[in-house]
Amino acid sequence: MGCSNRGVTKDANPARPADHDGDRRGTPVGRRVVLGMLAAGAAGVAAAPYLQRAYDETLGAAAQNDPTGLSGLLPAGGGFRYYSVTGSVPDKDEHSYRLTVDGLVRHRASYRLADLRALPQTRLVRDVQCVTGWRVPRTPFEGVRLATLLDAAGVRPEAKAVRFTCFDGAYSESLTLEQARRHDVLIALRMQDRPLGHDHGGPVRLYVAPMYFYKSAKWLSGITVTDHVQPGYWEQLGYDVDAWVGRSNGRDDVPTT
Amino acid sequence: MSPRPESAAAAADRPRVPRFTRAEHRVHRATGALMAVCVATAACLYLPFLAELVGRRALMVTLHEWSGILLPVPLLFGLASRALRADLTRLNRFGPHDRTWLRAVLRRRGARPAGKFNAGQKLYAAWLAGAVLVMTGTGLLMWFTHLASLVWRTGATFVHDWLALSLLIVIGGHVWMAYRDPESRVGLRTGSVEAAWARREHPLWRPGEGADGKRGPDGADGKPGNP
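Shown next as structure tokens:
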């Protein structure tokens with residue numbers, strides 16, 4: 001590099017004693033460290049796929065069985081990550097939870113948890129893919145097909161889309177009616193074969209298997225049938241409305257279904 | 001907030017020498033504040049228990065992006081200060097005594113000769129400058145997702161995550177060192193340090209030619225030390 005040559009000529013007399021502010025002479029190590037960091041950063045970006053794979057196969061695999069949970073603090077420590085768009089989310093239980101269905105329907109409805117559990121349950125095991133990059137393999141979700149609730153409500157002919165609202169007070173999502181009727185779209189009550197916990201969006205969340213996970217709205221409290229697609233929370237901030245895994249948001253992840 | 005009368009009063013019993021100018025003090029304060037916001041919001045985005053506690057993801061992302069992108073700005077403004085440019089030159093240049101200092105630290109014995117900045121401070125400054133640039137670059141790739149293909153963005157995320165962990169450790173060390181040496185903090189806060197401290201910690205430093213870079217005898221060789 002040219003700059004180090006310059007350094008050498010300037011320091012033709014490196015043995016010069018430190019008085020007369022010898023502080024300001026010498027080898028430009030600082031500059032070399034900065035340039036070295038830039039080179040290392042670029043090399044790291046280029047080598048990341050290989051480094052990531054090596055990490056996943058060794059430490060990452062070990063982290064899956066880490067009882068202390070400390071490995072979760074390491075980058076890409078595996079598993080789910082908690083995202084919430086609001087400050088705090090209330091807890092809802094057996095008594096306080098309600099899921100309402102309204103909008104362009106013949107029969108509005110309000111479901112308690114027990115009502116939802118009494119309906120036919122579907123269990124799906126697919127990968128979960130977040131738009132920020134993390135992926136959790138083979139995660140079981142179980143619940144009521146959204147189509148079941150829509151059929152029970154009697155969707156009016158002019159309906160085109162479904163809007164979802166959440167009891168965190170801020171989040172919302174949307175699907176076209178066609179997407180909402182897919183067999184891999186659930187009103188999920190269980191995840192990983194356990195009741196859905198609060199941190200994972202419990203007691204009830206939406207689960208849209210073929211799309212990026214932001215479509216699977218947590219803390220679901222309202223289903224409204226509408227005549228057009230209303231972009232949800234993240235979609236107003238630039239995310240794709242039709243969030244098919246691998247075919248949207250400029251990403252090419254392996255599809256989850 | 002005028003440091004000068006304070007140091008004049010202290011000089012009555014214990015002599016003090018100028019170490020940093022107001023401009024340098026402000027650049028350090030602003031950089032420290034931005035870094036604190038950047039690290040705190042990063043923690044709220046990244047650590048599960050903080051994410052659960054704080055939430056407000058969109059706000060955290062905005063704060064993190066802007067505090068991060070603005071991190072180099074105070075230093076760039078500071079380049080207008082001759083004293084700061086002179087100190088950047090000091091941080092950049094390593095003399096034979098710096099090798100001695102590093103060897104003494106690694107072997108945990110022997111004298112540790114240092115100019116205005118010791119070799120550890122010089123390495124810290126350079127490493128941090130490089131790390132901030134890498135974080136800015138990888139951060140921009142993650143921020144403006146259309147800039148690069150997925151492979152590059154995944155790589156950028158990988159480097160951003162691991163370098164963030166290193167930064168946390170290194171900055172923690174920086175804060176710990178400052179915590180253990182109150183006089184060094186006084187130096188940055190008020191602009192001057194005890195002469196005895198300067199002789200002990202930075203024996204090769206000649207404070208007279210120091211803080212504002214005008215009084216240095218090497219002003220004669222006509223190079224203000226542009227980094």
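Each protein sequence line maps, in turn, to chains C and H.
If you count the first sequence from 1, position 56 lands on 56 in the numbering used here, and the numbers rise without skipping.
If you count the second sequence from 1, position 218 lands on 218 in the numbering used here, and the numbers rise without skipping.
Backbone N, C-alpha and C fix where the C-beta goes; we use that ideal spot for every residue, glycine too.
All of these numbers come straight from a predicted model, not from anything done at the bench.
| Item | Value |
| --- | --- |
| So what does C/Gln129 bridge to, in DSSP terms? | C/Arg135 |
| Please classify C/Ile187 as buried or exposed, where buried requires at least 16 other C-beta atoms within 10 Å of its C-beta. | buried |
| In chain C, which residues lie with their C-beta within 7 Å of the C-beta of H/Phe94? | Gly26, Thr27 and Val29 |
| Would you kindly check if the distance between the Cβ of C/Arg126 and the Cβ of C/Glu142 is under 9 Å? | no |
| What's the C-alpha gap between C/Pro255 and C/Val245? | 5 Å |
| Contact between the stretch 215-224 of chain C and the stretch 84-102 of chain C: three or more CB pairs below 8 Å? | yes |
| Going by C-alpha to C-alpha distance, which of C/Gly169, C/Glu178, C/Gly202 and C/Pro137 sits closest to C/Leu146? | C/Glu178 |
| Give me the chain C residues within the contact set of H/Glu201, using Cβ-Cβ distance strictly less than 9 Å, ordered along the chain. | Correct list: empty, because the minimum Cβ distance to chain C is about 14 Å. |
| Taking 9 Å as the CB-CB cut-off, is H/Phe77 touching chain C? | no |
| Could you please give the first and the last residue of the uninterrupted beta strand (DSSP E) stretch that includes H/Phe77? | Where H/Phe77 is concerned, there is no enclosing beta strand (DSSP E), although the alpha helix (DSSP H) it sits in stretches over Val73 to Gly78. |
| Let me know the secondary structure DSSP gives H/Phe49 once reduced to three states. | helix |
| What distance in whole Å lies between the Cβ atoms of C/Leu119 and C/Val144, which are believed to be in contact at a cut-off of 8 Å? | 5 Å |
| What does the alpha-carbon distance come out to for the pair C/Met211 and C/Gly197? | 21 Å |
| Does any CB atom of chain C fall closer than 9 Å to the CB of H/Arg57? | yes |
| With a cut-off of 9 Å, does the C-beta of C/Tyr83 fall near any C-beta of chain H? | yes |
| Chain C beta carbons: is any one of them nearer than 9 Å to that of H/Glu52? | yes |
| What residue range is occupied by the uninterrupted alpha helix (DSSP H) comprising C/Tyr50? | Val29 to Tyr55 |
| Which of the three DSSP states is assigned to C/Glu158 in this structure? | coil |
| For C/Ser174, which of helix, strand or coil comes out of DSSP? | strand |
| Quick one, are the C-beta atoms of H/Trp101 and H/Ala114 less than 9 Å apart? | yes |
| Would you mind telling me which residues of chain H sit closer than 7 Å to C/Thr86, beta carbon to beta carbon, in chain order? | Gly55 and Arg56 |
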